[in-house]
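Enquirer:
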Amino acid sequence: MSRLFRESGGRDAEFAKVELKRRLLGMTLNVMMRTIAGKRYYREDMACSNESAQFMEMVGELVAVAGTSNVTDFLPILRVIDFQGLSRRIDRLEKKREEILQGLIDEHRRKGGGEGTNTSTETTEWAMSLLLNNPEALQKARQEIDAFVEEKRLLEENNLPKLPYLNGIINETLRLCPAALLLLPHESHEDCVIGSYDIPRGTILLVNAWAIYRDPNVWVEPTKFMPERFLDGRVEGGMALPFGMGRRKCRGEGLAVRVIGLALGTMIQCFEWERVGGGHA
Ligand code: HEM
1 MSRLFRESGG RDAEFAKVEL KRRLLGMTLN VMMRTIAGKR YYREDMACSN ESAQFMEMVG
61 ELVAVAGTSN VTDFLPILRV IDFQGLSRRI DRLEKKREEI LQGLIDEHRR KGGGEGTNTS
121 TETTEWAMSL LLNNPEALQK ARQEIDAFVE EKRLLEENNL PKLPYLNGII NETLRLCPAA
181 LLLLPHESHE DCVIGSYDIP RGTILLVNAW AIYRDPNVWV EPTKFMPERF LDGRVEGGMA
241 LPFGMGRRKC RGEGLAVRVI GLALGTMIQC FEWERVGGGH A
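For what it's worth, UniProt numbering labels the leading residue of the sequence shown as 1, then goes sequentially.
Quick look at the structure:
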């Protein structure tokens, strides 16, 4: 925030154009790496070390491979020739990941001392984008924060549960722009029945969260940005599962919601925001 403040030219300055993605990525990566390995990857000037460049490259490749349809799932015979070369790509990626993680473990031992990066970064960026396109919601969030947090004090993590509208914005962002469109694939390890369907052992199940979030039978005006859907602890339609459900639910939910809430809330509290070129997208 202090860097954004300096770049914006300080208190009485005109609007300045800023690029958020790299900063949000740096911030989430730093939170994650401080938790996992006790070190920062990005410095304040956003320069990144060779190690963090490698790490980001690996995350980028992982996202690309995870998003590629695998033809051999449908025509297993093609597996023999590794038709799309996906197996080779995954093997290479696995090796790279092992090297990076082993390097962190070795370093940690010497000093005696997830995938969550992308999802938190993208959700925060989408939230800002939705707010810039819905200035009345931005205004409401600002009023809520100003009414609750004393003047001249920065928003703190323990304020977050008391800011229902800000939380509504995060939930509505996760609904409209879900970071995990199909959650993560699950595979049945034994025959089972779901609803009235017989599911054989070894079936891959994908949950189309994106379609659920846009179902007009579940949501009023599903494509509209309305944080109010989530106010008073209620969930319109009762069908929100951005972090999945059950035993394999996201482990990082608590961390993600806090990091996104704090980053978004502080950006709203500290700055006036406008779309580049004004207008509406
Ligand atoms: C906006 C942020 C995030 C979203 C939307 C998200 C979403 C998800 C979803 C949908 C799943 C699959 C759940 C299922 O299959 O039912 C998942 C799994 C997981 N997430 Fe997240 N996630 C986020 C951030 C994070 C963060 C920050 C971390 C770690 C620091 C994290 C760690 C994990 C782990 C370890 C799993 C696998 C859990 C398991 O298989 O048992 N996530 N996440």
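Even glycine gets a Cβ: it sits at the ideal position worked out from N, Cα and C.
Note that the structure is a prediction, hence the values are computed from the model and not measured.
Look at glutamate 172 and phenylalanine 230 and say whether their C-beta atoms are less than 8 Å apart.
Expert: Yes, the pair counts as a contact, with Cβ atoms nearer than the cut-off.
Enquirer: With DSSP collapsed to three states, give me the class of aspartate 215.
Expert: Note: aspartate 215 maps to coil in three-state DSSP.
Enquirer: Note down, in chain order, each residue of its chain lying with its Cβ closer than 7 Å to the Cβ of alanine 137, except the 5 sequence neighbours on either side.
Expert: Leu131, Ile169, Phe225 and Pro227.
Enquirer: Nearest CA to the CA of glycine 265: which residue from Glu190, Ile204, Lys162 and Val80?
Expert: Of Glu190, Ile204, Lys162 and Val80, the residue nearest in Cα terms is Lys162.
Enquirer: Between the beta-carbon of alanine 179 and the beta-carbon of threonine 124, is there less than 8 Å?
Expert: Contact flag unset, no.
Enquirer: When burial is assigned at 16 or more other CB atoms within 10 Å of the CB, is phenylalanine 74 buried or exposed?
Expert: The residue is exposed, with fewer than 16 neighbouring Cβ atoms inside 10 Å.
Enquirer: Using 8 Å for Cβ pairs, my map puts valine 18 next to leucine 4. What's the rounded Cβ distance?
Expert: The Cβ separation is near 6 Å, so the contact holds.
Enquirer: Can you pull the DSSP bridge partners for histidine 186?
Expert: The partner list for histidine 186 (beta bridge, DSSP) reads Leu205.
Enquirer: Express the C-alpha separation of glycine 278 and arginine 110 in angstroms, rounding to a whole number.
Expert: When rounded, the distance between both Cα atoms is 53 Å.
Enquirer: In three-state terms, what does DSSP make of cysteine 177?
Expert: Coil.
Enquirer: List the whole-angstrom C-beta distance separating isoleucine 90 from valine 63, where the pair is believed to meet the contact cut-off of C-beta under 8 Å.
Expert: At roughly 13 Å, the Cβ-Cβ gap does not stay under 8 Å, so isoleucine 90 and valine 63 are not in contact.
Enquirer: When you compare only the Cα positions, how much space is there between alanine 147 and arginine 247?
Expert: Taking the straight line from one Cα to the other gives about 39 Å.
Enquirer: Does the separation of the CB atoms of tryptophan 219 and cysteine 177 fall below 8 Å?
Expert: No.
Enquirer: Which two residues bound the contiguous alpha helix (DSSP H) that contains valine 63?
Expert: Per DSSP, valine 63 belongs to the alpha helix (DSSP H) from 50 to 66.
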